[in-house]
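Encoded as structure tokens, the structure appears first; notes follow it.
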Amino acid sequence: MRSDLRLTSVLPHLLPWWTRVAEHPPRVAAFRRPHESPALEAALARLPAQARARVLHPLVPAPGTRELRWGSAVARQHDGTTCGSAVLAMTAAAGDLRLALWLETGERCGGRTGPVELTGVAATTLDGLGDAEARFAFLQRRLKTMSNGRAAAGLPWPAALGTPPWGAARVARWGAVRYRHAIVGGPRQSDVLAAVASWGQAGVPVPLFAGGDLARGVATAVPRHVVLVTGVVGPVWSVYEPSSGAVHEVTRGELVAGGRLAALGGWNHLAWALVPRAGAAVAA
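Take the sequence shown: its position 109, counted from the start at 1, is 108 in numbering that gives the first Met the number 0, and no numbers get skipped.
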């Protein structure tokens with residue numbers, strides 16, 4: 000048996016009806032978040048410059064650094080099973096200034112129309128989160144519950160296995176953009192990666208699932224880690240890696256070459272992608 004075999008390279012052949020054609024973005028230059036309310040604009044105006052920059056551009060490291068931050072805390076996954084939840088949190092915050100403002104400061108704007116991730120959470124619970132690190136950890140736990148609740152044939156997905164791609168796709172959002180999951184393997188790999196690049200160039204973040212192969216054991220030949228493409232400029236992909244909180248720059252060729260990459264958390268193969276749905280995008 001080949002030691003470089005991956006489950007996702009076999010699935011498109013075994014289950015062709017489960018593989019999906021990746022959608023490319025409409026032909027527009029960029030996408031934007033919904034308009035800000037006057038209350039939100041006022042809250043942003045009160046922030047110090049660095050905090051305002053983190054709220055407005057959560058996926059852009061501060062000058063001279065590689066790490067993304069909320070407040071003074073590096074935006075890292077809360078535990079070994081919440082890489083997907085951290086990526087979903089950063090994706091949602093990058094498309095929703097209300098959520099980003101709450102993560103940075105604890106301030107809530109929007110009232111009844113607040114971020115869906117916080118809907119139904121008691122104000123006393125939110126107020127009891129003492130700092131940005133605690134808020135980011137809480138949001139990860141919240142998103143893990145949302146993504147995993149019905150991810151195994153209507154039953155909860157095992158918490159120890161992290162977040163499955165189909166569960167993540169159900170709750171992933173960036174502004175009005177919604178996502179669908181697509182296997183990165185088999186005959187459609189190039190098409191999926193081309194779609195990821197197109198969306199990244201248009202300014203829409205794209206979650207990627209990574210894993211290993213049989214050379215590192217059967218358990219590694221399935222998706223094991225989640226990262227986030229935060230932008231694509233020319234051949235360079237910027238990728239947020241949640242175990243470190245850092246943004247790495249790699250090329251598409253490096254991502255598919257099969258070597259271990261820091262951008263993939265030390266894993267060596269792309270396995271799945273959450274590709275935006277073109278029909279749900281809001282053009283600038």
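Idealized CB from N, CA, C, for every residue including glycine. From a predicted model like this one, the values you see are computed outputs, not experimental measurements.
Asked, Found
"C-beta contact flag for Val225 and Pro275 at 7 angstroms", "no"
"Inter-stretch contact at 8 angstroms, needing at least 3 Cβ pairs: the stretch 78-87 / the stretch 137-148", "yes"
"Pro114 beta carbon less than 7 angstroms from that of Arg134", "no"
"Strand pairing of Phe208, partner residues [DSSP]", "Val225, Trp271"
"CA-to-CA distance, Thr90 to Trp165, given in whole angstroms", "16 angstroms"
"Residues near Ala196 by beta carbon distance below 8 angstroms, same chain, minus five either side", "Val231, Trp236, Arg251"
"For Pro186 and Ala42, the rounded distance between their alpha carbons", "49 angstroms"
"Residues near Arg259 in its chain [Cβ-Cβ closer than 8 angstroms; skip 5 each side]", "Gly265, Trp266, Asn267"
"Exposed unless 16 or more other CB atoms sit within 10 angstroms - verdict on Gly161", "buried"
"First through last residue of the alpha helix (DSSP H) which encompasses Thr90", "82-93"
"Cβ shell of Pro128 (< 6 angstroms), same chain only, five flanking positions each side left out", "Before going further, note that residue 128 is Leu rather than Pro in the sequence given. Result list for Leu128: Arg134, Phe137, in chain order."
"Identity of the residues DSSP links to Trp69 by a beta bridge", "Ala72"
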